[in-house]
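Number of protein chains: 4
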Amino acid sequence: MAPTMGASDSKASSPTQEAESNAVASKNHHARILHIDIVKMTRNKSSIRSVIPSGAWGLGLLSQPATPVIAAPTVQVFDINITESLVLAAQDGWCKALLQISSDYASGGITKAKATAAKVIDQAYAFEFGPVAFKPTLTTGKHTFRTTRAGALANFVGNDPSFPLDTGFALTPWRTCKVVNQVIQLSGALAITMGNVVFSDASGELTSVDKTWGFMKEPDGSVRIILHHSSLPFKP
Amino acid sequence: MAPTMGASDSKASSPTQEAESNAVASKNHHARILHIDIVKMTRNKSSIRSVIPSGAWGLGLLSQPATPVIAAPTVQVFDINITESLVLAAQDGWCKALLQISSDYASGGITKAKATAAKVIDQAYAFEFGPVAFKPTLTTGKHTFRTTRAGALANFVGNDPSFPLDTGFALTPWRTCKVVNQVIQLSGALAITMGNVVFSDASGELTSVDKTWGFMKEPDGSVRIILHHSSLPFKP
Amino acid sequence: MAPTMGASDSKASSPTQEAESNAVASKNHHARILHIDIVKMTRNKSSIRSVIPSGAWGLGLLSQPATPVIAAPTVQVFDINITESLVLAAQDGWCKALLQISSDYASGGITKAKATAAKVIDQAYAFEFGPVAFKPTLTTGKHTFRTTRAGALANFVGNDPSFPLDTGFALTPWRTCKVVNQVIQLSGALAITMGNVVFSDASGELTSVDKTWGFMKEPDGSVRIILHHSSLPFKP
Amino acid sequence: MAPTMGASDSKASSPTQEAESNAVASKNHHARILHIDIVKMTRNKSSIRSVIPSGAWGLGLLSQPATPVIAAPTVQVFDINITESLVLAAQDGWCKALLQISSDYASGGITKAKATAAKVIDQAYAFEFGPVAFKPTLTTGKHTFRTTRAGALANFVGNDPSFPLDTGFALTPWRTCKVVNQVIQLSGALAITMGNVVFSDASGELTSVDKTWGFMKEPDGSVRIILHHSSLPFKP
Numbered sequence: 000m001a002p003t004m005g006a007s008d009s010k011a012s013s014p015t016q017e018a019e020s021n022a023v024a025s026k027n028h029h030a031r032i033l034h035i036d037i038v039k040m041t042r043n044k045s046s047i048r049s050v051i052p053s054g055a056w057g058l059g060l061l062s063q064p065a066t067p068v069i070a071a072p073t074v075q076v077f078d079i080n081i082t083e084s085l086v087l088a089a090q091d092g093w094c095k096a097l098l099q100i101s102s103d104y105a106s107g108g109i110t111k112a113k114a115t116a117a118k119v120i121d122q123a124y125a126f127e128f129g130p131v132a133f134k135p136t137l138t139t140g141k142h143t144f145r146t147t148r149a150g151a152l153a154n155f156v157g158n159d160p161s162f163p164l165d166t167g168f169a170l171t172p173w174r175t176c177k178v179v180n181q182v183i184q185l186s187g188a189l190a191i192t193m194g195n196v197v198f199s200d201a202s203g204e205l206t207s208v209d210k211t212w213g214f215m216k217e218p219d220g221s222v223r224i225i226l227h228h229s230s231l232p233f234k235p
Numbered sequence: 000m001a002p003t004m005g006a007s008d009s010k011a012s013s014p015t016q017e018a019e020s021n022a023v024a025s026k027n028h029h030a031r032i033l034h035i036d037i038v039k040m041t042r043n044k045s046s047i048r049s050v051i052p053s054g055a056w057g058l059g060l061l062s063q064p065a066t067p068v069i070a071a072p073t074v075q076v077f078d079i080n081i082t083e084s085l086v087l088a089a090q091d092g093w094c095k096a097l098l099q100i101s102s103d104y105a106s107g108g109i110t111k112a113k114a115t116a117a118k119v120i121d122q123a124y125a126f127e128f129g130p131v132a133f134k135p136t137l138t139t140g141k142h143t144f145r146t147t148r149a150g151a152l153a154n155f156v157g158n159d160p161s162f163p164l165d166t167g168f169a170l171t172p173w174r175t176c177k178v179v180n181q182v183i184q185l186s187g188a189l190a191i192t193m194g195n196v197v198f199s200d201a202s203g204e205l206t207s208v209d210k211t212w213g214f215m216k217e218p219d220g221s222v223r224i225i226l227h228h229s230s231l232p233f234k235p
Numbered sequence: 000m001a002p003t004m005g006a007s008d009s010k011a012s013s014p015t016q017e018a019e020s021n022a023v024a025s026k027n028h029h030a031r032i033l034h035i036d037i038v039k040m041t042r043n044k045s046s047i048r049s050v051i052p053s054g055a056w057g058l059g060l061l062s063q064p065a066t067p068v069i070a071a072p073t074v075q076v077f078d079i080n081i082t083e084s085l086v087l088a089a090q091d092g093w094c095k096a097l098l099q100i101s102s103d104y105a106s107g108g109i110t111k112a113k114a115t116a117a118k119v120i121d122q123a124y125a126f127e128f129g130p131v132a133f134k135p136t137l138t139t140g141k142h143t144f145r146t147t148r149a150g151a152l153a154n155f156v157g158n159d160p161s162f163p164l165d166t167g168f169a170l171t172p173w174r175t176c177k178v179v180n181q182v183i184q185l186s187g188a189l190a191i192t193m194g195n196v197v198f199s200d201a202s203g204e205l206t207s208v209d210k211t212w213g214f215m216k217e218p219d220g221s222v223r224i225i226l227h228h229s230s231l232p233f234k235p
Numbered sequence: 000m001a002p003t004m005g006a007s008d009s010k011a012s013s014p015t016q017e018a019e020s021n022a023v024a025s026k027n028h029h030a031r032i033l034h035i036d037i038v039k040m041t042r043n044k045s046s047i048r049s050v051i052p053s054g055a056w057g058l059g060l061l062s063q064p065a066t067p068v069i070a071a072p073t074v075q076v077f078d079i080n081i082t083e084s085l086v087l088a089a090q091d092g093w094c095k096a097l098l099q100i101s102s103d104y105a106s107g108g109i110t111k112a113k114a115t116a117a118k119v120i121d122q123a124y125a126f127e128f129g130p131v132a133f134k135p136t137l138t139t140g141k142h143t144f145r146t147t148r149a150g151a152l153a154n155f156v157g158n159d160p161s162f163p164l165d166t167g168f169a170l171t172p173w174r175t176c177k178v179v180n181q182v183i184q185l186s187g188a189l190a191i192t193m194g195n196v197v198f199s200d201a202s203g204e205l206t207s208v209d210k211t212w213g214f215m216k217e218p219d220g221s222v223r224i225i226l227h228h229s230s231l232p233f234k235p
């Protein structure tokens, strides 16, 4: 039998919907090396909180003594967007990961470096979801673009006969890695950043690259790189 | 002749790109009745400001005395996303506009009400860009959905032989209009809200409707409705 | 030591990047009842294919005998967007799931129906990621909006003391469920649909509701409902 | 007086909403040099058309002789997304525009070239909406990034004391310009492309650059560049 509907009148019972805890918190408890800070931030984004829409009330309403008295709502916000904070944390995560691979190479050789690099790529790049637009700093010719996990791994730690020219960018004894953003563009779950990344090595020598990154936030709060274009500064 | 490239070395001159004013401010000076507050907010979103990415620096870096000294960058942020503030302002604009049509009808009759309603629809709904998903509270049968400007106008002020059942929702002597949000979802330039809108009329009688809205922010900062589903509360 | 850069000239070696299989295929092999068709479609979206950009070549170029001969590239497309096909499949999945709960109730009672409904909600709604904007057809008062998994489950199968008025919409002996779309809006990973859903029960009686849905595609190709506003037709 | 609601029953009159023409077509009749092809394509995207959701019907329904007979709906699609076709057309438009500036310089000198370049930048780049992430091929030092209209103009035609090193990339007697895409990423109104652009000059010499572009589609169907990172191939 189909549901039946009775008569109805226009008297409104003031809606005082009780806030109900949403399930997002538990979901975000994955202890990913790179994403711990990111997840912390993300969990807050979807939490339940009260919004005082004072800025959203017109004079016409305030001047009405007859304004219906309704309990301030408890608004639940579902923010699918990536934020500037998430982007800065992801960039910092990338730098930390590069330094980690570099120090693991010094302490444990190529085996240890490769294992760390593989973990980093799986956590920081979106290869599992589709082709990543990746133009590393030092790749060239037919292997300029690294749209696959294997191509990215070779760029970081080399030692792959399929990419004979790769010496492994992360095998340099990097000591510091600093991101200097010039532009950050936020568009939904995607963010684009452009600026420089400056590295210093064991001898204190600095290397600066022109860097464009595209970051994608996934529904669970993880952030992954889908675009990475790095190039050495042009010299006239 | 093609551009030539000389040799290059890896010494990086610390990038101290001078901040350059972007053109977005001047663009947003359109004095739209509904969007004045919105534009004010939007202009701030893209302004140039300094970002201290303190939260984005790892212990590994801070412990490095050799960290290269680089001037804090001036980051320009291009925020394409709609914000909760913009959404609340747009909802408030919708309420104000409804009350305006209602009072214009009282003071100037259907001619004045229709002129105001037409302006409101062009400013607040996205019919100029595509079919709006609009299910008004009191429409029915083959005219339930109003995906065109004409259908929306008839719903607000009636008096259109193509929509004979429309009495004009905005012609009721509404005195107050209050939005009570339960959920706000933010996804890039789009936002979805769900909750109640409570109206009071000249007799003080309250009408509450269950309301879903979808708002779209355009690159110039304007916000328009692309989704509007309104229904009377179900009565068992 | 930092990477060194040698001299460079402007002769371009024609880029003939070999296509490399991306990792998305393996990722999408999760056998979800509702998403089998969806996943099939999605896997194709990111696969490697050749694009003949004939439409993208200007007369100016074609008239040039000196046009450089470059092998047609193998373009890899990473499509984050939800498509109309995915939306139609997800709507169909919702109808099939409703009919499944209904027949499981007939064959196995509330226990079987509740188990199926729980699975359906976890697969078809985005409660694990954030608050879902859900206004079911027959809910009312302070329980009008169901932003949590528990509230959604009660709407489908009832039998929850926290929601005493819920009789369980899916427990009706539904026989058919048909979606009649009026508007489909596609915006990145989000799609909004508005139209009717028409149900027939064991007695052949028809029930039509006005329905708005919002669907979100996740990076792995799954599609979930983040918005669901259902209402009975207004009767003058 | 508030709207009244009478009783209601569940018999549904089959919804046969008449298709109503939406306003998008007329809107897109702006004859922009770069966007003629783009607009043609865009107009089709939002036009009204019939959808046969055959793929979306389950066996359960087809086996029902009692399936309610409902006229196939006329679905209106509002596609906010940028498409691969739009992206290819915009890339082709960029190449045509570069060749136009180059030939205008040959025929009318810097005055004519600068006028064309200014028009091109206003039509093809999003400076009016926010800071564009633009790293041209041949810029360096503190002027590496061109986030403003003035900086972009100087890169194309030089002759600006504020950018003394700019010789004007578009003043080279370019004869052909070909885009060779490796990856195209589609995410709502945004698309990212990565690959090469190969130029040939009057002497037949080829120049290939590694190119990343970000394109944004506006609600009126226009497409503008928000990201542009160009770099010379790395030479070991």
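Protein chains in written order, with numbering that gives the first Met the number 0: chain Y, 0 to 235; chain D, 0 to 235; chain W, 0 to 235; chain Z, 0 to 235. Every residue gets a Cβ at the ideal spot worked out from N, C-alpha and C, and that includes glycine. This one's a predicted model, so the numbers in the text were calculated from it and none came from an experiment.
DSSP, read as helix, strand or coil, puts Ile191 of chain Z in strand. Where Arg145 of chain Z is concerned, there is no enclosing alpha helix (DSSP H), because DSSP gives it neither an H nor an E.
When Cβ-Cβ separations below 7 Å define contact, Gln122 of chain W makes no contact with chain Z.
Within the model, the alpha-carbon separation for Leu97 of chain D versus Asn195 of chain W is close to 27 Å.
Judged by DSSP in its simplified three-state form, Lys210 of chain Z adopts strand. Closest option to Ser101 of chain W, judged by alpha-carbon separation, among W:Thr171, W:Ser202 and W:Gln90: W:Thr171.
For Gln90 of chain D, no CB of chain W lies under 7 Å from its own CB, so it is not counted at the interface with that chain. Residue range Thr73 to Asp78 is occupied by the beta strand (DSSP E) that includes Val76 of chain Y. Sorting Z:Val178, Z:Lys216, Z:Gln184 and Z:Trp212 by C-alpha distance to the C-alpha of Ser199 of chain Z places Z:Val178 at the top. For Ala112 of chain Y, the CB contacts under 6 Å within the same chain, skipping 5 residues up- and downstream, are Ile100, Asp103, Tyr104 and Val156 in chain order. By the criterion of a C-beta distance shorter than 8 Å, Asp159 of chain D is surrounded in its chain by Ala149, Leu152, Ala153 and Asp165, once the five residues flanking it on both sides are discounted.
For Ser84 of chain Z, the enclosing alpha helix (DSSP H) stretches over residues Glu83 to Ala123. For Lys177 of chain Z, the pairing in a beta bridge is given by DSSP as Z:Val197. Distance from the CA atom of His142 of chain D to the CA atom of Asp91 of chain D, rounded to whole angstroms, is 27 Å. Take Ala123 of chain Z, set aside five residues on each side of it, and the residues of its chain with a beta-carbon closer than 7 Å to its own are Leu33, Gly92, Trp93, Ala96, Arg223 and Ile224, in chain order. For Phe214 of chain Z, the closest Cβ of chain Y is not nearer than 7 Å.
When secondary structure is reduced to three states using DSSP, Phe128 of chain Z falls in the coil class, being assigned neither helix nor strand. Under the DSSP assignment, Leu226 of chain Z falls in the beta strand (DSSP E) whose first and last residues are Val222 to Ser230.
At least 7 Å separates the CB of His142 of chain W from every CB of chain D.
Within the DSSP secondary-structure output, Ser186 of chain D pairs in a beta bridge with D:Leu189. Using a Cβ distance threshold of 7 Å, Thr192 of chain Y and Trp212 of chain Y count as a contacting pair. Against chain Y, the beta carbon of Asp78 of chain D has neighbours under 7 Å at Leu185, listed in chain order. Put simply, the backbone Cα of Ser207 of chain W is about 7 Å away from that of Leu231 of chain W.
For the region 106-133 of chain D, the beta-carbon criterion of a distance under 9 Å to any beta-carbon of chain Z is satisfied by Ala125, Phe126, Glu127, Phe128, Gly129, Pro130, Val131 and Ala132. Taking the C-beta atoms as reference points, Lys210 of chain W is found nearer than 7 Å to Ser229 of chain W. For Leu152 of chain Z, no pairing in a beta bridge is given by DSSP. Contact annotation for Pro235 of chain D against chain Z: no contact, minimum CB-CB distance about 12 Å [criterion: below 7 Å].
Look at Phe162 of chain Z here: in three-state DSSP terms it is coil, with no helix or strand label.
7 Å or more divides the Cβ of Asn180 of chain D from the Cβ of Val131 of chain Y.
Judged by their CB atoms, Ala190 of chain Z and Ile109 of chain Z are not nearer to each other than the 7 Å cut-off. The shortest CA-to-CA distance from Pro163 of chain Z to any of Y:Val86, Y:Pro235 and Y:Leu85 is the one to Y:Pro235. Among the residues of chain D, none has a CB under 9 Å from the CB of Gln75 of chain W; the nearest is roughly 24 Å distant.
Between Leu226 of chain Y and the set Y:Gly107, Y:Lys134 and Y:Leu85, the nearest pair of CA atoms involves Y:Lys134. Annotated three-state conformation of Phe168 of chain Y is helix, per DSSP.
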